[in-house]
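Peer 1: First to last, the protein sequences are chains P and U. Numbering follows my numbering, with no gaps: position 215 of the first sequence is 215. All you need for my numbering is the position in the second sequence, starting with 1, plus 427. Note that CB positions come from ideal geometry on N, CA and C, so glycine has one too. Here it is: the structure, laid out below.
There are 2 protein chains.
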Amino acid sequence: MRTDPPSLLSLAIDSALLHISSYSDLSFLPEHILEDLFLRTLRAGKLNEKILKLFIATGKEEILSLIGAFNIQCVLTPVLPTISVRDDEVDIVIAAIEPDLTSFLEEWRAVFSRFHLIIIKDPDIKGELKIPGGFNYDTYTKADIQQIIGPSNAATFSGYSCRYFGYLLSKKKYIISIDDDCIPAKDTKGIQVDAIAQHINNLLTPATPFFFNTLYDPFCKGADFVRGYPFSLRNGVSCALSCGLWLNLADLDAPTQALKPELRNTRYVDAVLTVPARAMMPMSGINIAFDRELVGPALLPSFKLAKEGKFRWETVEDVWTGMCVKVVCDHLGYGVKTGLPYVWRKERGNAIESLKKEWEGVKLMEEVVPFFQSMKLTPAAKTAEDCVIEIAAAVKEQLGRIDPVFTRAADSMVEWVQLWKTVKTRT
Amino acid sequence: MRTDPPSLLSLAIDSALLHISSYSDLSFLPEHILEDLFLRTLRAGKLNEKILKLFIATGKEEILSLIGAFNIQCVLTPVLPTISVRDDEVDIVIAAIEPDLTSFLEEWRAVFSRFHLIIIKDPDIKGELKIPGGFNYDTYTKADIQQIIGPSNAATFSGYSCRYFGYLLSKKKYIISIDDDCIPAKDTKGIQVDAIAQHINNLLTPATPFFFNTLYDPFCKGADFVRGYPFSLRNGVSCALSCGLWLNLADLDAPTQALKPELRNTRYVDAVLTVPARAMMPMSGINIAFDRELVGPALLPSFKLAKEGKFRWETVEDVWTGMCVKVVCDHLGYGVKTGLPYVWRKERGNAIESLKKEWEGVKLMEEVVPFFQSMKLTPAAKTAEDCVIEIAAAVKEQLGRIDPVFTRAADSMVEWVQLWKTVKTRT
């Protein structure tokens with residue numbers, strides 16, 4: 001149609017499209033012209049509530065069937081949503097494992113400085129926090145933690161887990177957390193990635209957990225749903241968690257890292273995808289974002305290994321937490337995305353030294369994964385808090401007899417939910 | 428350890444590693460030296476059956492626990508598998524929707540010419556097949572189809588479905604099929620992709636459907652399993668189906684294509700991933716490969732729309748077939764991969780013209796997807812043939828009352844399995 005010289009009819013439809021907002025009745029148009037006008041209106045991005053009602057008012061069957069098949073629904077705003085979030089809806093939570101955050105924050109200045117930071121100092125470390133000027137932040141130390149949760153429980157927030165104290169205190173809708181040994185990554189064109197913008201985009205666009213789109217995120221610019229994707233599922237669901245990835249030093253366990261000390265992740269996979277419902281994945285806490293209002297209480301510090309250390313490969317708390325969140329999302333009908341954004345992870349630590357500590361985590365995963373894979377919540381669990389309490393009960397009952405670490409985790413999940421509720425009531 | 432000047436002990440271990448294959452006993456070594464030697468042997472890729480047995484024979488607990496945790500098992504060949512397939516284990520099946528295959532085959536010459544081609548001429552088209560010289564191929568026409576399956580059923584193999592006749596006649600382990608409107612794609616560096624090599628690699632390396640690896644295919648060069656991935660699942664399972672993707676004209680349905688006539692897929696996502704168990708996806712028949720011995724009978728022509736045409740967006744037979752295969756793979760414990768390789772899809776047809784035909788397919792998907800998502804096979808189904816028969820019975824019972832197209836599909840699935848068995852017995 002586009003390559004032929006335009007017909008008079010086509011020019012007339014163009015003109016109608018130009019003035020579409022000034023019409024109050026379209027029912028006089030023949031059906032085939034109406035159909036053409038409708039498709040052109042859609043393509044031009046001009047279909048809003050008023051114009052949709054005009055087309056519906058014609059009562060023409062072909063038009064109604066088009067509207068049904070595209071699953072176009074009456075809304076008060078234009079049909080294409082605009083993606084935006086106010087800067088004050090976001091907290092960036094940083095766990096300070098080392099007291100000097102100068103070089104870390106300088107690397108991230110362009111990306112972080114618009115947002116409010118919550119910086120939690122690992123209660124185990126000594127020395128004053130060093131934070132360069134020009135950031136909007138609050139810091140919390142061991143004393144603050146003890147004041148809120150009592151001195152005996154401060155250890156819950158040691159090491160990587162100190163960030164959870166920030167999750168607890170945040171009042172924002174969105175929380176983003178990036179490890180302090182990561183700097184911004186560059187994409188395949190060498191352009192620095194804005195990890196915050198990508199995370200926010202992941203959280204604001206729908207997730208599609210109920211059918212796998214082979215072309216990855218259909219809400220990505222230039223992408224769409226593949227042939228065969230049911231139209232009824234194309235609205236998607238709210239995305240509650242966005243898991244980013246890592247270039248350079250990948251998030252491997254200590255044995256793998258020890259076995260392949262030269263291995264670096266250099267593959268930049270330009271994709272975001274929804275992890276399908278009921279599929280479990282190993283979430284890493286290195287580079288994540290989540291909707292605190294939807295699943296905040298499920299991002300919890302509860303799975304502490306006896307010999308947990310200050311290297312990621314010595315911990316599995318985030319992997320446990322990720323499976324909690326995934327089960328909660330599957331139950332409540334939210335989505336989890338993984339993929340972009342990448343961060344660049346710098347070298348830290350000697351994996352061979354960590355090998356002995358890590359075996360416990362590696363062995364426990366053999367029990368943890370099947371447990372979460374078979375976990376079914378009851379219809380009574382209607383909030384993230386409810387879900388966590390149900391999961392904790394199942395952990396205690398099914399895993400508690402295997403290892404005391406699970407009983408402690410279950411108790412700590414229940415305590416966390418109580419703490420979450422107390423803090424929310426207080427503020 | 429690497430940056431310090433080497434200790435005498437370290438040099439001694441280096442020397443032991445150099446001569447590791449000449450030792451017949453290692454049990455005299457202290458445990459910490461043995462552990463170091465074991466890790467260095469692994470890293471050097473020197474761990475073979477004989478050396479593994481040497482280490483096991485020491486009986487040292489730390490070594491046995493390392494072997495257990497890495498899930499290293501005794502095999503007869505070196506521990507790292509080498510990926511290769513003989514050229515005569517592969518058939519490339521081409522459905523000739525247009526009789527002149529000259530430009531198509533010339534584009535693919537470098538990639539296809541090593542392999543045997545099975546070319547099936549769409550029984551609906553007229554004119555002699557045109558095939559350039561230098562290829563090793565067999566062609567089949569309407570007369571051949573009628574001879575094998577009888578004249579009344581030849582319509583089953585019309586249009587895109589004619590390729591299934593090639594699947595039926597192939598005796599090779601691996602089948603690869605690419606639509607005749609596709610040419611080789613280029614990767615982000617501008618290098619032409621060898622789609623056959625990538626498909627074969629996807630089929631020969633394990634799939635990991637039971638836990639999602641966030642760094643995509645762990646068997647890809649430079650990749651591995653992410654922290655938290657259970658070691659017991661790292662062996663993976665056999666990959667039965669490899670679904671490739673499309674650059675330029677993506678595989679969209681007619682409404683989407685009509686609505687976004689300018690949309691082209693330009694995003695080259697450099698990744699292969701296993702579709703998790705129990706997640707369904709819309710397989711496209713444009714660019715696929717499969718292991719015929721594992722799932723051949725499940726790749727079947729059965730879901731024909733009344734107004735099915737000669738454009739992909741006018742069909743859903745492959746989407747249906749893909750869900751059959753996925754259910755079969757989930758039941759029999761095989762994996763399905765999606766992602767690389769891409770092909771470049773050329774323009775063909777006018778989507779707006781196809782809109783009227785496509786509505787039926789779009790509407791039926793709303794019934795088809797939930798059906799396959801909830802499909803559970805019984806333990807009695809032990810082969811792909813058994814599985815297809817069970818699925819056909821469920822289709823008839825659960826979907827048959829909704830639309831006669833489903834009853835026809837169920838009948839045709841049963842006929843296909845009979846045909847498959849007959850042809851296999853005969854040859």
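Which runs of the alpha helix (DSSP H) fall wholly inside the segment 253-328 of chain P and span at least 4 residues, in chain order?
Peer 2: Runs of the alpha helix (DSSP H) inside the segment 253-328 of chain P: 254-259, 292-295.
Peer 1: Whole angstroms is fine: what's the gap from A394 (chain P)'s alpha carbon to V702 (chain U)'s?
Peer 2: Distance between the alpha carbons of A394 (chain P) and V702 (chain U): 28 Å.
Peer 1: Using DSSP with H/G/I as helix, E/B as strand and the rest coil, what is I447 (chain U)?
Peer 2: I447 (chain U) falls in the helix class under three-state DSSP.
Peer 1: Between T632 (chain U) and chain P, is there a C-beta pair that is closer than 9 Å?
Peer 2: No - not a single Cβ of chain P is within 9 Å of the one on T632 (chain U).
Peer 1: Output needed for L507 (chain U): all residues of its chain with C-beta closer than 8 Å, excluding positions within five of it in sequence on either side, in chain order.
Peer 2: Its pLDDT being 40, under 50, L507 (chain U) is placed unreliably in this model, and the coordinates cannot settle the point.
Peer 1: What three-state label does DSSP hand P78 (chain P) in the structure shown?
Peer 2: Low confidence applies to P78 (chain P): its pLDDT is 36, below 50, so where it sits in the model is not reliable, and the reading given next is rough at best. Of the three classes helix, strand and coil, the one that applies to P78 (chain P) here is coil, per DSSP.
Peer 1: Check whether the segment 665-683 of chain U and the segment 764-775 of chain U touch, using three or more Cβ-Cβ pairs below 8 Å as the test.
Peer 2: As far as the Cβ criterion goes, the segment 665-683 of chain U touches the segment 764-775 of chain U, which means the pair count is three or higher.
Peer 1: Pick helix, strand or coil for L464 (chain U), following the three-state DSSP scheme.
Peer 2: Residue state, collapsed to three classes: helix.
Peer 1: For D251 (chain P), return the contacting residues in chain U, with the cut-off set at a CB-CB distance below 9 Å.
Peer 2: Within 9 Å Cβ-Cβ: T641, L642, V653, R654, G655.
Peer 1: Can you tell me the Cα-Cα spacing of G159 (chain P) and V417 (chain P), whole angstroms?
Peer 2: The straight-line gap from Cα to Cα measures roughly 21 Å.
Peer 1: Specify the secondary structure class of R345 (chain P) as computed by DSSP and reduced to three states.
Peer 2: Three-state DSSP puts R345 (chain P) in a strand.
Peer 1: I'd like the list of long-range same chain contacts for I20 (chain P), defined as Cβ closer than 7 Å, with 5 residues on each side in sequence excluded.
Peer 2: For I20 (chain P), where only same-chain residues beyond five positions count, the Cβ hits under 7 Å are T41, K46, I51.
Peer 1: Taking C-beta to C-beta, are A808 (chain U) and A819 (chain U) nearer than 9 Å?
Peer 2: No, Cβ-Cβ distance for A808 (chain U) and A819 (chain U) is not below 9 Å.
Peer 1: Using the Cβ count rule (16 or more neighbours within 10 Å means buried), how would you classify A12 (chain P)?
Peer 2: It counts as exposed.
Peer 1: Please list, in chain order, all residues of the same chain as K53 (chain P) whose beta carbon is under 7 Å from its beta carbon, the five residues on each side excluded.
Peer 2: If we look at K53 (chain P) and ignore the five residues flanking it on each side, it has no Cβ neighbours.
Peer 1: Just to confirm, are R470 (chain U) and K600 (chain U) a CB contact at a threshold of 9 Å?
Peer 2: Taking 9 Å as the Cβ cut-off, R470 (chain U) and K600 (chain U) do not qualify as a contacting pair.
Peer 1: Compute the Euclidean distance between the alpha carbons of L247 (chain P) and R264 (chain P), then round it to the nearest angstrom.
Peer 2: One C-alpha to the other measures close to 7 Å.
Peer 1: Let me know if R426 (chain P) comes out buried or exposed under the rule of 16 or more other beta-carbons within 10 Å of its beta-carbon.
Peer 2: With fewer than 16 other Cβ atoms within 10 Å, it is exposed.
Peer 1: Taking the alpha helix (DSSP H) that S839 (chain U) belongs to, which residues open and close that run?
Peer 2: Looking at the DSSP string, the run of the alpha helix (DSSP H) that includes S839 (chain U) is 831-853.
Peer 1: Can you list, in chain order, the residues of its chain whose CB lies under 7 Å from that of P132 (chain P), leaving out five sequence neighbours each side?
Peer 2: Cβ neighbours of P132 (chain P) beyond the five flanking positions: T102, L105, E106.
Peer 1: Would you check if there are 3 or more beta carbon pairs closer than 8 Å linking the segment 319-334 of chain P to the segment 344-354 of chain P?
Peer 2: At 8 Å Cβ cutoff, the stretches do not touch.
Peer 1: Have a look at U:E744, U:K737, U:K734 and flag the residue whose alpha-carbon is nearest the alpha-carbon of L726 (chain U).
Peer 2: Minimum Cα distance to L726 (chain U) is reached at U:E744.
Peer 1: Could you say which of P:I389, P:G333, P:G400 lies nearest to L364 (chain P) if we only look at CA atoms?
Peer 2: It is P:G400 whose Cα lies nearest to the Cα of L364 (chain P).
Peer 1: Applying a beta-carbon distance threshold of less than 8 Å, which residues of chain P neighbour G649 (chain U)?
Peer 2: What G649 (chain U) touches in chain P: L263, R264, N265, T266, R267.
Peer 1: Hey, F70 (chain P) and V90 (chain P): beta-carbon distance below 9 Å or not?
Peer 2: No, the Cβ-Cβ distance between F70 (chain P) and V90 (chain P) is not below 9 Å.
Peer 1: Would S269 (chain P) pass as a contact of V696 (chain U) if the rule is Cβ separation under 9 Å?
Peer 2: The sequence given here has Val at residue 269 (chain P), not Ser. Yes, they are a contact pair.
Peer 1: Does the distance from the C-beta atom of I603 (chain U) to that of A778 (chain U) stay below 9 Å?
Peer 2: Cβ distance not < 9 Å, so I603 (chain U) and A778 (chain U) don't count as in contact.
Peer 1: Could you compute how far the alpha carbon of F799 (chain U) sits from the alpha carbon of I72 (chain P)?
Peer 2: One C-alpha to the other measures close to 26 Å.
Peer 1: Along chain P, which residues have their Cβ under 8 Å away from the Cβ of D515 (chain U)?
Peer 2: In chain order: nothing, as chain P lies at least about 31 Å away.
Peer 1: Taking the beta strand (DSSP E) that K548 (chain U) falls in, what are its first and last residues?
Peer 2: Here the beta strand (DSSP E) through K548 (chain U) covers 543-548.
Peer 1: By how many angstroms is the C-alpha of V664 (chain U) removed from the C-alpha of R227 (chain P)?
Peer 2: Taking the straight line joining both Cα atoms gives about 28 Å.
Peer 1: Contact check, I547 (chain U) vs A570 (chain U) under 8 Å by CB: the rounded distance?
Peer 2: That belief does not hold up - the Cβ atoms of I547 (chain U) and A570 (chain U) are roughly 12 Å apart, past 8 Å.
Peer 1: Identify the continuous alpha helix (DSSP H) that holds Y140 (chain P) and give its terminal residues.
Peer 2: No alpha helix (DSSP H) holds Y140 (chain P); the beta strand (DSSP E) holding it covers 136-140.
Peer 1: For L469 (chain U), return the contacting residues in chain P, with the cut-off set at a CB-CB distance below 8 Å.
Peer 2: Simply L259.
Peer 1: Less than 6 Å between C-beta atoms, sequence neighbours within five positions excluded: which residues of the same chain meet that for T156 (chain P)?
Peer 2: Once the five neighbours on either side are set aside, the close Cβ partners of T156 (chain P) are P301.
Peer 1: Can you give the Cα-Cα distance for T77 (chain P) and N48 (chain P), rounded to whole angstroms?
Peer 2: At T77 (chain P), the pLDDT of 38 sits below 50, so the modelled position is not reliable and the matter cannot be decided from this model.
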